[in-house]
Structure formats: structure tokens, C-alpha cells
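Working notes for the structure below.
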Amino acid sequence: MNNARNNFVNSERETNNLQSNTLVTQTVSLEPKLMTAEDLHNNHLEPTTGSDTDSEDESFGPIAGASMWTRKDIALFKESIRSEGGDGIIKVGHGEIVTVRVPTHRDGTCIFWEFSTDSYDIGFGLLFEWTKNPGNQVSVHISESEDEDDDEEEGEIALANDIEKGTHLDPEKESMSPKSQTDSSPISVIIPIYRRDSHEEVFSGSHVYPGSGVYLLKFDNSYSLWRSKTLYYRVYYTR
1 MNNARNNFVN
11 SERETNNLQS
21 NTLVTQTVSL
31 EPKLMTAEDL
41 HNNHLEPTTG
51 SDTDSEDESF
61 GPIAGASMWT
71 RKDIALFKES
81 IRSEGGDGII
91 KVGHGEIVTV
101 RVPTHRDGTC
111 IFWEFSTDSY
121 DIGFGLLFEW
131 TKNPGNQVSV
141 HISESEDEDD
151 DEEEGEIALA
161 NDIEKGTHLD
171 PEKESMSPKS
181 QTDSSPISVI
191 IPIYRRDSHE
201 EVFSGSHVYP
211 GSGVYLLKFD
221 NSYSLWRSKT
231 LYYRVYYTR
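Going by full-length UniProt numbering, the first residue of the sequence shown is number 1, and it counts up by one from there.
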């Protein structure tokens, strides 16, 4: 159990080394450790709901659907994140989108994540950037979807970034399109961005690596003009 927890990589700093036995979370980089099936069971990480339907990228072939589930131990989860130094805690400002970039690991075959928030919900989605050279650095990027000072744009923001229906962002601000380009690399949408009641439950999930590339975990607060959200999260890989 201790080994499993110590493998989390916190990624709030711009760069984090994802070497063997490292963990991924917000601003710091520890190295994600490989977890066994027993570790997953002990950490209550076995899915309780079915996986999403498989999708197929026209250039790269079929992509397995992600598995997603929820847990009720939200207070315990938040306390465990705080006890690790608080590096897995991010304040997502109103109108902001936080993107956590997690490269695939040469010793891993599957990515896991879990997150919750204080008081209010947040949008979440998962994308995959195809690249033969994903690197080994985890990073966090923050972007603003609209000018937060322009109160009259509220209606337009809701239409352009309606995460009740799945968000499609401005191409100049990290497009959600499967064929959008990030550093000339195509991107596939694994889980569209939808609002999650993460203030009521811990949201968890997993996805089998489709190949070499970088996972983009999107935490979307672009629909909120006034409220910031406090996010607690972990990301790690297994064989």
C-alpha cells in the first residue's frame, strides 16, 4: 500500500520526471510506481461501472474505451492528498481550463486517475496526443477560455463551451477536436468534457495505452464566470 501511494507523481511544477517507480499529481514530480492487481483492489480502484464504447481514430486505428467509476470516500481522499504535501491540489480559476499532460511510460500499459473538488462541480475530459516521442515530463497548463472581465459574453461562452453537451474549445486555445494539432501531433478524444459532480464523489478512471503519446487530462471551469474550484487529483500508471 505504501509503495502504491508513493508512486504518485505530482505535477504542478512545469516539469516532472516520469521515470520508473514515479507518481503523477499536480505540481511536483515524483515517479509513478507500478501497481499490482492486489494494490488496485486494496486502493478500491476496481471499476464499478462499464467502460465507454470503443472509438476508432481514422489514422491510428481503434482506441479502447475508458473505464470510469465513482467512490463515496471523498473526505478520506482529500485528506490523503493533503497528507502528501498538498501538491495534488490545484485552484482552477473562474473561466480557466487546466490541462495536465502525462506522457505514456515505457514500463506502463495503463493510466489511472482520480479527482474531486470542494463545494462545486467541474468539467472533466480525457484526450490523447499521438507522438512517437512523448518525453518523460509531466506538466500543467492553464488557459482562459474567454476574457473573464467581459460580463456580457456569458451567453456566448455558454454556447461555445457547453460542457453539458461536450466541450469544443477555440482551436487557438487547445482545441478539443480529435484532429487538432498540438506541436503538429494529432489528438484523439477519449472522454468528451462534461461536468462532473466531483464535489459529491471521487471520480476515478483508467485507460489502456493506445500507443505512444501524451494523455491530456482536462479540468474545465470555463463555464463559471465567478467561482474558482479547488481540485484534488492523482494520476499514475500500471502495467
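Just so it is clear, CB atoms sit at the ideal spot from N, CA and C, and this is done for glycine as well. These figures come from a predicted structure and were not determined experimentally.
> Quick check: the stretch 115-122 against the stretch 191-203, are there 3 or more CB pairs under 8 Å?
Replying inline: Enough Cβ pairs lie closer than 8 Å, so yes.
>> On the criterion of 16 or more Cβ atoms from any shown chain inside 10 Å, does residue 238 qualify as buried, or is it exposed?
In response: Buried, since its Cβ has 16 or more Cβ neighbours within 10 Å.
> Hey, how far is the Cα of residue 226 from the Cα of residue 97?
Replying inline: Cα to Cα, the separation comes out at about 14 Å.
> Which first and last residues belong to the beta strand (DSSP E) in which residue 126 is found?
Replying inline: Segment 122-130, the beta strand (DSSP E) holding residue 126.
> Which residues in the same chain as residue 203 place their Cβ atom closer than 6 Å to its Cβ, once the five residues preceding and following it in sequence are excluded?
Replying inline: Counting only Cβ-Cβ distances below 6 Å, and skipping sequence neighbours, we find 70, 115 and 196.
> Are there 16 or more other CB atoms within 10 angstroms of the CB of residue 76, so buried, or fewer, so exposed?
Replying inline: Exposed.
> Looking at the unbroken alpha helix (DSSP H) that takes in residue 71, where does it start and where does it end?
Replying inline: Residue 71 -> not in any alpha helix (DSSP H); beta strand (DSSP E) instead, spanning 67-71.
> What are the boundary residues of the beta strand (DSSP E) that residue 217 is part of?
Replying inline: Unbroken beta strand (DSSP E) run through residue 217: 213-220.
> CB-CB under 6 Å to residue 131, same chain, minus the five flanking residues each way: which ones, in chain order?
Replying inline: For residue 131, where only same-chain residues beyond five positions count, the Cβ hits under 6 Å are 185 and 213.
> Among 230, 235, 133 and 217, which residue has its Cα nearest to the Cα of residue 94?
Replying inline: The candidate whose alpha carbon is nearest that of residue 94 is 230.
> How many Å lie between residue 193 and residue 126 at the Cα?
Replying inline: Answer to the nearest angstrom: the Cα atoms are 7 Å apart.
> Considering residue 76, what are the terminal residues of the beta strand (DSSP E) in which it resides?
Replying inline: No beta strand (DSSP E) contains residue 76, which is instead part of the alpha helix (DSSP H) from 74-83.
> Exposed or buried, what is residue 87 when buried is set at 16 or more other beta-carbons lying within 10 Å of its beta-carbon?
Replying inline: The residue is buried, with at least 16 neighbouring Cβ atoms inside 10 Å.
>> On the DSSP bridge list, what partners appear for residue 207?
In response: DSSP output for residue 207 lists 111 as bridge partner(s).
> Starting from residue 230 and walking both ways along the beta strand (DSSP E), at which residues does that stretch end?
Replying inline: First-last of the beta strand (DSSP E) with residue 230: 229-238.
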